[in-house]
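Numbering (our numbering), first residue to last: 29 to 143. C-beta: ideal position from N, C-alpha, C; glycine also. The block underneath contains the structure these notes are about, expressed in structure tokens.
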Amino acid sequence: MEDNQEELKIAEKYLTEMLNADQNGDYASFIKRYETVDSGFNEDVFIKDVEAMKDELGAYKERVYLGSLNCSGKGSSQRSLRFVWRGIYEKSEALIVLGIHQNSGVWYVNENHIS
29 MEDNQEELKI AEKYLTEMLN ADQNGDYASF IKRYETVDSG FNEDVFIKDV EAMKDELGAY
89 KERVYLGSLN CSGKGSSQRS LRFVWRGIYE KSEALIVLGI HQNSGVWYVN ENHIS
């Protein structure tokens with residue numbers, strides 16, 4: 029039931045960019061696909077999160093795609109999707125969730141969790 033192949037390609041691209049930004053400690057590259065960034069999430073918070081994630085999980089190795097979920101937009105009619113992968117790291121595994129939504133024909137990241 030994977031009807032979201034084009035959107036999956038976008039999510040894969042964005043996730044790869046964000047994982048590379050994590051690896052390089054590059055805040056600007058990490059947030060570039062967000063439409064808006066939470067005011068509490070700044071470069072200092074990003075660096076601390078990256079360091080904590082590396083301590084807990086080790087280096088990122090690969091991921092296995094698990095599926096997607098349709099979601100409603102943030103109180104609007106925006107098309108929003110959430111993609112899920114099993115992330116394989118040097119020390120452990122984690123669930124990776126990346127949410128994207130479309131606004132005026134452009135796809136933006138609205139959610140990113142690694143747990």
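Can you check DSSP and say which residues form a bridge with ASN98? LEU109
Could you say if the segment 58-67 and the segment 80-99 meet the contact criterion of at least three C-beta pairs nearer than 8 angstroms? no
Starting from TYR42, trace the alpha helix (DSSP H) in both directions and tell me its first and last residue. 33-52
Got a sec, what are the start and stop residues for the beta strand (DSSP E) VAL125 sits in? 121-131
Inter-residue spacing [alpha-carbon to alpha-carbon] between ALA39 and ARG107: 14 angstroms
Is the beta carbon of VAL137 sitting closer than 8 angstroms to the one on TYR42? yes
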